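Going by UniProt numbering, the sequence shown opens with residue 1, and the numbers climb by one from there. Don't be surprised by glycine CBs; every beta carbon is placed ideally from N, CA and C. As the structure is a prediction and not an experimental result, all values here were calculated from the model. Data block below; observations after.
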Amino acid sequence: SVEENIRAVVELTEKDRRKWDDNVDALLDELNIGHIRKSPALALSGGERRRVEIARALASRPSFILLDEPFTGIDPIAIADISDLIRYLKKRGIGILITDHRVRETLDIVDRASIMFQGDVLFEGTPEEIRSNKDVRRVYLGEKYA
1 SVEENIRAVV
11 ELTEKDRRKW
21 DDNVDALLDE
31 LNIGHIRKSP
41 ALALSGGERR
51 RVEIARALAS
61 RPSFILLDEP
71 FTGIDPIAIA
81 DISDLIRYLK
91 KRGIGILITD
101 HRVRETLDIV
111 DRASIMFQGD
121 VLFEGTPEEI
131 RSNKDVRRVY
141 LGEKYA
């Protein structure tokens, strides 16, 4: 279940067993997934699955988290929802490293980005700098990217 998935990480990172239930409940509440706590992980939608993955990452109280393709396989509503969640985590002071091919969505939420091309960093900078860079537009975004 969702709860068991989160609890597994809490049990590894929290030494005080008396805090396990409270920590799990807090993560379920913080990520707005309390309503699916008993659901089997395999039955979740793509957006719900992303929230559970992030809850599991947060269970270890990280300073930074890596989100690998967070926008892949989810609908536009879930993309907006996950984007809002990422903004919330940034405000909480958690550093976030994102790898994703969904450039538009990613550039809308990051402070800085690196564009890879053929295994090398083509360009890095702010989203505005990336959007306006002629090499990035030529080989990655396309000239019609707006």
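Measuring alpha carbon to alpha carbon, tell me which of the options ends up nearest residue i.
i: SER83; options: ARG7, ASP135, TYR140, THR106; result: THR106
i: PRO100; options: GLY142, ILE109, LYS19, GLY125; result: One detail in the question is off: residue 100 reads as Asp in this sequence, not Pro. Selected option, being the one with the closest Cα: ILE109.
With DSSP as the reference, label residue i as helix, strand or coil.
i: GLY142; result: coil
i: THR126; result: coil
i: ILE74; result: coil
i: ASP120; result: strand
i: VAL95; result: Note on identity: in this sequence residue 95 is Gly, with Val being the wrong assignment. DSSP places GLY95 in strand when its eight states are reduced to three.
i: ALA59; result: coil
Short of 6 Å in beta carbon distance, which residues of its chain neighbour residue i, apart from the five on each side in sequence? Order them along the chain.
i: ASP102; result: The sequence shown places Arg at residue 102, rather than the Asp named in the question. Answer for ARG102: PHE71, listed in chain order.
i: ASP68; result: THR99
Less than 8 Å separating the beta-carbons of residue i and residue j?
i: TYR145; j: ARG137; result: yes
i: ALA55; j: ASN23; result: no
i: residue 150; j: SER132; result: With the chain covering only 1 through 146, there is no way to say anything about residue 150.
i: VAL2; j: ARG37; result: yes
i: LEU97; j: LEU66; result: yes
i: GLY125; j: ALA78; result: no
i: ARG50; j: ILE86; result: no
Which residues in the same chain have their Cβ closer than 7 Å to the Cβ of residue i, if we skip the five residues on either side of it in sequence?
i: ASN5; result: ALA41, VAL52, ARG56
i: GLU143; result: ARG137
Could you tell me how far apart the beta carbons of residue i and residue j are, in whole angstroms, since I believe they sit closer than 8 Å?
i: PHE64; j: ILE94; result: 7 Å
i: ARG61; j: THR13; result: 7 Å
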